[in-house]
Amino acid sequence: MSVRRALPAVPLLLLAAGPWILPRDLVTALLFTFLLITLASNYDLLGGFLGLYNLGQASFFGLGAYVTFLLLLRVPLLAALGPAGSTVAALAGGAAAAISAVLLAYPLLRLRGAYFAVGTFALLLLLRLTVDNLPQLTGGSHGLYVSAQHYLSLRAAYLLTLSLAAASLLLNALLASSRLGMAMTAVRENELAAAAAGVDRFRVQQVAFVLGATPTGLAGAVFGLHSGYIDVSVVLGIERSLFPVIAAMIGGSGLVWGPVVGAVTLRAIDVALKNYMQLPVPAPAIYGGILVVMSLTMPKGILAGLTRAPQAAARSGSPAPPRPARPRTR
Numbered sequence: 002m003s004v005r006r007a008l009p010a011v012p013l014l015l016l017a018a019g020p021w022i023l024p025r026d027l028v029t030a031l032l033f034t035f036l037l038i039t040l041a042s043n044y045d046l047l048g049g050f051l052g053l054y055n056l057g058q059a060s061f062f063g064l065g066a067y068v069t070f071l072l073l074l075r076v077p078l079l080a081a082l083g084p085a086g087s088t089v090a091a092l093a094g095g096a097a098a099a100i101s102a103v104l105l106a107y108p109l110l111r112l113r114g115a116y117f118a119v120g121t122f123a124l125l126l127l128l129r130l131t132v133d134n135l136p137q138l139t140g141g142s143h144g145l146y147v148s149a150q151h152y153l154s155l156r157a158a159y160l161l162t163l164s165l166a167a168a169s170l171l172l173n174a175l176l177a178s179s180r181l182g183m184a185m186t187a188v189r190e191n192e193l194a195a196a197a198a199g200v201d202r203f204r205v206q207q208v209a210f211v212l213g214a215t216p217t218g219l220a221g222a223v224f225g226l227h228s229g230y231i232d233v234s235v236v237l238g239i240e241r242s243l244f245p246v247i248a249a250m251i252g253g254s255g256l257v258w259g260p261v262v263g264a265v266t267l268r269a270i271d272v273a274l275k276n277y278m279q280l281p282v283p284a285p286a287i288y289g290g291i292l293v294v295m296s297l298t299m300p301k302g303i304l305a306g307l308t309r310a311p312q313a314a315a316r317s318g319s320p321a322p323p324r325p326a327r328p329r330t331r
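Everything in the sequence shown is counted per the working numbering, starting at 2 for the first residue and increasing by one.
Rendered as structure tokens:
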């Protein structure tokens with residue numbers, strides 16, 4: 002049993018050695034893959050476990066990045082501390098994302114179905130407008146820069162994003178087999194039955210909302226410190242919110258490894274089309290076509306499709322049960 006539990010640590014250790022053994026381009030590609038895994042796994046706490054489509058996941062990503070940068074630019078003590086100040090500012094960015102999720106849960110979780118999706122997307126648009134209209138504070142459309150002493154090297158950013166992706170995946174795995182995870186599933190399947198069993202719908206959804214926002218805020222802080230620059234289109238872009246949803250659905254929403262498979266698939270297609278394939282058709286058109294085909298052929302996601310295929314083959318290969326003999330009539 003101990004050997005079986007230790008097996009997942011082997012690929013994690015191999016990935017951790019990536020900056021020392023892989024070329025720089027591949028390390029950068031993996032870094033962005035880890036970011037997408039983090040956001041997709043965090044999204045799936047609401048989308049997969051609770052059936053709530055959160056189209057504003059990038060709101061917490063951008064909030065974490067902006068809080069980190071504003072603290073480093075406006076608080077001289079943090080700026081003077083160098084890397085230690087960057088760490089404090091990044092943790093504050095994650096805390097700001099968590100606190101905002103606690104507060105935003107009260108109005109947003111009163112919404113149901115498509116209205117919740119529209120509400121979370123409106124939150125993203127509101128943050129974008131706020132940043133654009135406060136140029137003295139946020140830099141507006143010109144963005145914000147931090148000094149070079151606060152930059153995260155590629156190696157450090159890689160290891161931090163890998164840690165966030167692994168922590169998000171572990172969180173989902175622990176929730177899937179916990180009482181909270183069962184409560185989340187009960188709320189998703191039937192809110193009235195869950196309430197009759199003593200499950201507090203709002204409290205369960207609020208906890209999931211906060212758990213999904215915190216690592217996303219930290220990921221935004223790490224991304225910003227690595228790039229040294231942020232603006233609305235970079236950390237609050239529409240694709241930053243839509244790609245985690247697509248990744249979770251393509252891989253298998255509600256499954257622990259679904260966001261990982263979806264994120265790796267999306268990034269592989271994206272990198273291949275943009276960097277390695279010279280095609281006469283624009284890459285976004287092919288990208289969209291591939292996603293449409295995958296959605297039509299495996300509507301429950303890649304993992305669900307792969308697990309159902311052997312079961313269907315086994316059912317088709319097994320002999321049909323014998324028919325009961327009909328009674329003879331005289």
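The beta carbon of each residue, even a glycine, is placed where N, CA and C say it ideally should be.
Here the structure is a predicted model, which means the values were calculated and not measured.
With contacts defined by Cβ atoms closer than 9 Å, residue 125 and residue 239 form a contacting pair.
Under the three-state reduction of DSSP output, residue 54 falls in the coil class, being neither helix nor strand. Residue 155: member of the alpha helix (DSSP H) spanning 155-177, first to last residue. Looking at the DSSP output, residue 230 sits in a beta bridge with 146. Judged by DSSP in its simplified three-state form, residue 299 adopts coil rather than helix or strand. Here residue 300 is not near residue 43, since their CB atoms are 9 Å or more apart. Under the three-state reduction of DSSP output, residue 254 falls in the coil class, being neither helix nor strand. Annotation: residue 235 to residue 45 spans about 22 Å, alpha carbon to alpha carbon. Distance from residue 257 to residue 162 at the Cβ level is roughly 19 Å; contact not present, criterion being Cβ atoms closer than 8 Å. Under the three-state reduction of DSSP output, residue 268 falls in the helix class.
Around the beta-carbon of residue 218, 16 or more other beta-carbon atoms lie within 10 Å, marking it buried. By the criterion of at least three beta-carbon pairs nearer than 8 Å, the stretch 76-93 is not in contact with the stretch 201-212. Under the 10 Å beta carbon count, residue 201 is surrounded by fewer than 16 other beta carbons and is classified as exposed. The beta-carbon distance between residue 128 and residue 63, rounded to whole angstroms, is 6 Å. This is short enough to meet the 8 Å contact definition. Residue burial is scored here from C-beta neighbours: residue 179 has fewer than 16 other C-beta atoms within 10 angstroms and is therefore classed as exposed. Residue 103 is classed as exposed because its beta carbon has fewer than 16 other beta carbons within 10 Å across all chains shown. A residue is called buried once 16 or more other Cβ atoms fall within 10 Å of its Cβ, and residue 245 is buried on that count.
For residue 148, the closest C-alpha among the options 72, 305, 249 and 61 is that of 72.
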